[in-house]
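**Student:** Pasting in a structure now, in structure tokens, and then I'll have a few things to ask.
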Amino acid sequence: MEAFLHANNNLDVLPSKIREYVEEKIKLCQPSNFHVCNGSDEENQQLLSAMELSGVIRRLRKYKNCYIATTDPRDVARVESRTVICTKNMNDIISTPKSGFAPITDPNLPKNLKTTQLGNWMDTDEMLEILEKRFAGCMRGRTLYIIPYMMGPYSSPYSKIAVELTDSPYVVVSMRIMTRVGSNVFNEIKTSDGSDVVKCLHSIGVPLPTDKRVNPTWPCNPEQTLVTHFPERNEVISFGSGYGGNSLCGKKCLALRIGSSLAKREGWLAEHMLIMGVTNPEGVKKYFVAAFPSACGKTNLAMLRPVGLPGYKVECVGDDIAWMHFDDEGRLRAINPEFGFFGVAPGTSKSTNPIALDMVHENTIFTNVAETSDGDVYWEGIGEVIDGLHETSIRSWKNKRWSIDLGEPAAHPNSRFCTTIKQCSILDPEWNNPQGVPIEAIIFGGRRPEGVPLVYEAFDWQHGVFVGACMRSEATAAAEFKGKQIMHDPFAMRPFFGYNFGSYLAHWLSFGAKTGVHLPKIYHVNWFLRDSKTNEFLWSGFGENIRVIDWIFRRLTQQASGCKTPIGIIPDQNVSNGILGNKLNPALLDISKEFWINECKAIRNYLEENVNKDLPDEICSELNNLEKRLSTL
Ligand code: OXD
Ligand code: MN
542 MEAFLHANNN LDVLPSKIRE YVEEKIKLCQ PSNFHVCNGS DEENQQLLSA MELSGVIRRL
602 RKYKNCYIAT TDPRDVARVE SRTVICTKNM NDIISTPKSG FAPITDPNLP KNLKTTQLGN
662 WMDTDEMLEI LEKRFAGCMR GRTLYIIPYM MGPYSSPYSK IAVELTDSPY VVVSMRIMTR
722 VGSNVFNEIK TSDGSDVVKC LHSIGVPLPT DKRVNPTWPC NPEQTLVTHF PERNEVISFG
782 SGYGGNSLCG KKCLALRIGS SLAKREGWLA EHMLIMGVTN PEGVKKYFVA AFPSACGKTN
842 LAMLRPVGLP GYKVECVGDD IAWMHFDDEG RLRAINPEFG FFGVAPGTSK STNPIALDMV
902 HENTIFTNVA ETSDGDVYWE GIGEVIDGLH ETSIRSWKNK RWSIDLGEPA AHPNSRFCTT
962 IKQCSILDPE WNNPQGVPIE AIIFGGRRPE GVPLVYEAFD WQHGVFVGAC MRSEATAAAE
1022 FKGKQIMHDP FAMRPFFGYN FGSYLAHWLS FGAKTGVHLP KIYHVNWFLR DSKTNEFLWS
1082 GFGENIRVID WIFRRLTQQA SGCKTPIGII PDQNVSNGIL GNKLNPALLD ISKEFWINEC
1142 KAIRNYLEEN VNKDLPDEIC SELNNLEKRL STL
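So the sequence shown is residues 542 to 1174, counted in the working numbering.
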């Protein structure tokens, strides 16, 4: 893409430390031009037009200001194997697995990289040396964009300021949707020189001119991709991938990996959680957070339209990330650090998430969805048959004419919509409150086809932390995994921990010992149980999930009874027949001794192998206690 037309080359708007950083990176990456972004509409339109002209995005005729980008098929998801946290001391980031580290076999990965199930580590200096080589001249012929941005509401004591340097205009327009962009964010820095600003450097890793093997509309460098984090330097450096989870550094890199490490240091929590406001039929309002692994329906739950329980209302504060602090009165308060949604498109329909479907028909950038010949979007599970589909042809995410007979999906399973939060019609009135919203329940969940009941409540905080540690779920398309294996995904944070999971558990447990705090109750839900014979889902889910939310709500107000089981408290018979619906299949609340004994074995193996000596004693005793309780079942 040619140079930005009205480039703003004035680095004086940047705090001194950031200006020095930018100058150093310009020298290293050697772009032909650079531009400090102000986040204006005009700037955005210029970038969109230039990208359209060069074929990077296509305008969707049917909607206002909506575009499709399709990526190189090798650059479609987060690359966990190439995501690394770098520090001086390895044990700060990962535990040594009981059976040792696997050797690095990929010739494109650094030899000294240490990979584990709970994150990858490398020594800071060694990684910086490798990155220095990758970034040298990597932006030749391209424009370097400098994006000042903020995670969290303006004037919030909990927000963080950052800057991302990138050579991808797609990243610039997407960051403007996902974060608060503009040089005015520097008015909020707490240090005069900007030393508290998080620094992010991103390059697609394809200097110009390119050779014939490079995809002209989605240049990327998959062999050399590295997504690296330096919590001791407050820095993110990402090379080679343009896909959002790897390139929009505010999201997973800053808000979760650097964020969780800052949170540990500063005494708060940065979590992979949606934030929802729930008002009951009596008009009482409560806020919940919920953690689910990627692509388990977090966005759908965050925008839930209640079905079957009249009078309930759900409003959305965020669908992916929560930053939570205990306030002076000891209440846990959450802000959404993001400003937009980067949601999975397939499966989004009028029935599963009407709010999201409405929201994406303006000012949205779609990635890897399919397009109809009349300028609409299409993806698997969009629900309705498109008007006159027989006459309408579909162009797949691979830019080929698509029909069902091809035997492959029209949209990539990890295709996305990227839309500003302001277009969400059920946006909570407090979404932008600098103090955040008070959280009364924490919900964990996963995609478990068998054994894990629809809902249970943890006995107390320590047990709840154990429940989070034991989370497992079917693999999803959001990362590079294939198939449907059940993976351990503690706290839905496995790909996002910024420091040692053992210390993370200790950090969570430490709040249980704090005086003067009101600890939220902790729950676990599973919408995905299937009938063992027919394989049909046992729970209708989506809007009906309000029934489970209602039970949780009533537990918090002491209005619903529960039944104690070895794994936690479940709705008792009366409640489940009433609130959860008359047709509730009893299998939804079944606790099988055999299943849970096997589950305990899998959890013990996992924790012993992967957390090893760093596993807090409290978690071991919770596991022992669970096994003891099961033996009496
Ligand atoms: C996401 C993810 O994109 O979790 O939100 O992968
Ligand atoms: Mn996520």
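Cβ atoms here follow ideal geometry from the backbone N, Cα and C, with glycine treated the same way. For clarity, every value in this text was computed on a predicted model and none was experimentally measured.
Would Asn1236 be called buried (16 or more neighbouring beta carbons within 10 Å of its own) or exposed?
**Tutor:** Lying before the first or after the last residue shown, residue 1236 is absent from the chain, which here runs from 542 to 1174.
**Student:** Give every residue of the same chain whose Cβ lies closer than 6 angstroms to the Cβ of His1065, excluding the five residues on either side of it in the sequence, and list them in chain order.
**Tutor:** Closer than 6 angstroms at the Cβ level, and outside the excluded window around His1065, lie Phe985, Tyr997 and Val1008.
**Student:** Check the C-beta distance from Leu589 over to Val714 and give it rounded, since I have them as a contact under 8 angstroms.
**Tutor:** About 6 angstroms separates the two Cβ atoms, so the contact holds.
**Student:** Please classify Gly948: is it buried, with 16 or more other beta-carbons within 10 angstroms of its beta-carbon, or exposed?
**Tutor:** It is exposed - the Cβ of Gly948 has fewer than 16 other Cβ atoms within 10 Å.
**Student:** Can Gly791 and Met716 be called in contact, C-beta distance under 8 angstroms?
**Tutor:** Yes; because the gap between Cβ atoms is below 8 angstroms, this pair is in contact.
**Student:** Looking at the strands, I want to know which residues DSSP matches up with His1029.
**Tutor:** In DSSP, His1029 forms a bridge with Arg1013.
**Student:** With respect to 7 angstroms, is the separation between the Cβ of Gly800 and the closest non-hydrogen atom of ligand 1 below this value?
**Tutor:** Because no heavy atom of ligand 1 lies under 7 angstroms away, the Cβ of Gly800 does not count as near it: no.
**Student:** Judging by CA-CA distance, which residue of His770, Lys826 and Met817 is the nearest neighbour of Ser801?
**Tutor:** Checking every option, the nearest Cα to that of Ser801 belongs to His770.
**Student:** Give the straight-line distance between the Cα atoms of Lys826 and Glu856, rounded to the nearest whole angstrom.
**Tutor:** The straight-line gap from Cα to Cα measures roughly 10 angstroms.
**Student:** Three-state secondary structure (DSSP) at Arg988?
**Tutor:** DSSP places Arg988 in coil when its eight states are reduced to three.
**Student:** Hey, which unbroken runs of the alpha helix (DSSP H) at 4 residues or more fall wholly within the region 778-822?
**Tutor:** Runs found: 785-788 and 800-807.
**Student:** Since Ser715 is in the alpha helix (DSSP H), which residue starts that stretch and which ends it?
**Tutor:** Element bounds for Ser715: Pro710 to Met719.
**Student:** Can you tell me whether DSSP reads Gly895 as helix, strand or coil?
**Tutor:** The sequence given here has Pro at residue 895, not Gly. DSSP places Pro895 in helix when its eight states are reduced to three.
**Student:** Is Asp861 a contact residue of ligand 2, with contact defined as CB to any heavy atom under 7 angstroms?
**Tutor:** It does: the Cβ of Asp861 is within 7 angstroms (strictly closer) of some heavy atom of ligand 2.
**Student:** With burial defined as no fewer than 16 other Cβ atoms inside 10 Å of the residue's Cβ, what is the status of Asn1139: buried or exposed?
**Tutor:** Looking at its Cβ environment, which holds fewer than 16 other Cβ atoms inside 10 Å, Asn1139 is exposed.
**Student:** Please state the DSSP three-state secondary structure of Val830.
**Tutor:** Note: Val830 maps to strand in three-state DSSP.
**Student:** Run the proximity test for Ser835: is its beta-carbon closer than 7 angstroms to any non-hydrogen atom belonging to ligand 2?
**Tutor:** Result yes, Cβ under 7 angstroms from ligand 2.
**Student:** Considering only residues of the same chain and omitting the five flanking positions on each side of Ser1086, which have a CB-CB separation below 7 angstroms?
**Tutor:** Sequence inspection shows Asn at residue 1086; the Ser mentioned does not correspond to that position. So the list reads Leu842, Leu845 and Trp1068, once near-sequence residues are dropped.
**Student:** May I have a chain-ordered list of the alpha helix (DSSP H) segments no shorter than 4 residues that lie completely inside the region 1104-1174?
**Tutor:** Correct list: 1114-1119, 1134-1151 and 1158-1172.
**Student:** Identify which residue in Tyr711, Ile702, Thr720 and Asp752 has its Cα closest to the Cα of Asp734.
**Tutor:** Comparing Cα positions, the closest option is Ile702.
**Student:** Between Phe727 and ligand 1, is there a pair consisting of the residue's CB and a ligand heavy atom that are separated by less than 7 angstroms?
**Tutor:** No; taking the cut-off as 7 angstroms, the Cβ of Phe727 has no heavy atom of ligand 1 nearer than that.
**Student:** Would you call the region 567-585 and the region 676-691 in contact, with 3 or more CB pairs under 8 angstroms?
**Tutor:** With a cut-off of 8 angstroms, the region 676-691 and the region 567-585 count as touching, because enough Cβ pairs lie within range.
**Student:** So what does His576 bridge to, in DSSP terms?
**Tutor:** Answer by DSSP bridge pairing, in chain order: Tyr686.
**Student:** Is Asn551 helix, strand or coil when you go by DSSP?
**Tutor:** Three-state DSSP puts Asn551 in coil, outside helix and strand.
**Student:** Run through DSSP, which three-state label would Leu845 get?
**Tutor:** Three-state result, Leu845: coil.
**Student:** Using DSSP's beta-bridge definition, name the partner residues of His1065.
**Tutor:** Partner(s): Phe985 and Tyr997.
**Student:** Taking 8 angstroms as the limit between beta carbons, can you name the residues of its chain near Ala1128, skipping five residues before and five after?
**Tutor:** So the qualifying residues of the chain are Leu1070, Asp1072 and Leu1079.
**Student:** Which first and last residues belong to the beta strand (DSSP E) in which Ala703 is found?
**Tutor:** Run containing Ala703: Lys701 to Thr707, per the beta strand (DSSP E) assignment.
**Student:** Along the alpha helix (DSSP H) that carries His743, what are the first and last residues, could you check?
**Tutor:** Run containing His743: none in the alpha helix (DSSP H); it sits in the beta strand (DSSP E), Val739 to Ser744.
**Student:** When every heavy atom of ligand 2 is checked, does at least one fall within less than 7 angstroms of the C-beta of His1048?
**Tutor:** Checking every heavy atom of ligand 2 against the Cβ of His1048, none is found closer than 7 angstroms.
**Student:** Given a threshold of 16 other Cβ atoms within 10 Å of its Cβ, counted over all protein chains shown, does Asn1076 qualify as buried or as exposed?
**Tutor:** The residue in question, Asn1076, is exposed, as its Cβ has fewer than 16 Cβ neighbours within 10 Å.
**Student:** When every heavy atom of ligand 2 is checked, does at least one fall within less than 7 angstroms of the C-beta of His813?
**Tutor:** The answer is yes for His813.
**Student:** Please confirm whether any heavy atom of ligand 1 lies closer than 7 angstroms to the CB of Gly660.
**Tutor:** Checking every heavy atom of ligand 1 against the Cβ of Gly660, none is found closer than 7 angstroms.
**Student:** For ligand 1, any of its heavy atoms closer than 7 angstroms to the Cβ of Phe882?
**Tutor:** False, no ligand heavy atom lies under 7 angstroms from that Cβ.
**Student:** Put His866 into one of helix, strand or coil per three-state DSSP.
**Tutor:** Three-state result, His866: strand.
**Student:** Should Arg1035 be counted as a contact of ligand 1 given a C-beta to heavy atom distance under 7 angstroms?
**Tutor:** False, no ligand heavy atom lies under 7 angstroms from that Cβ.
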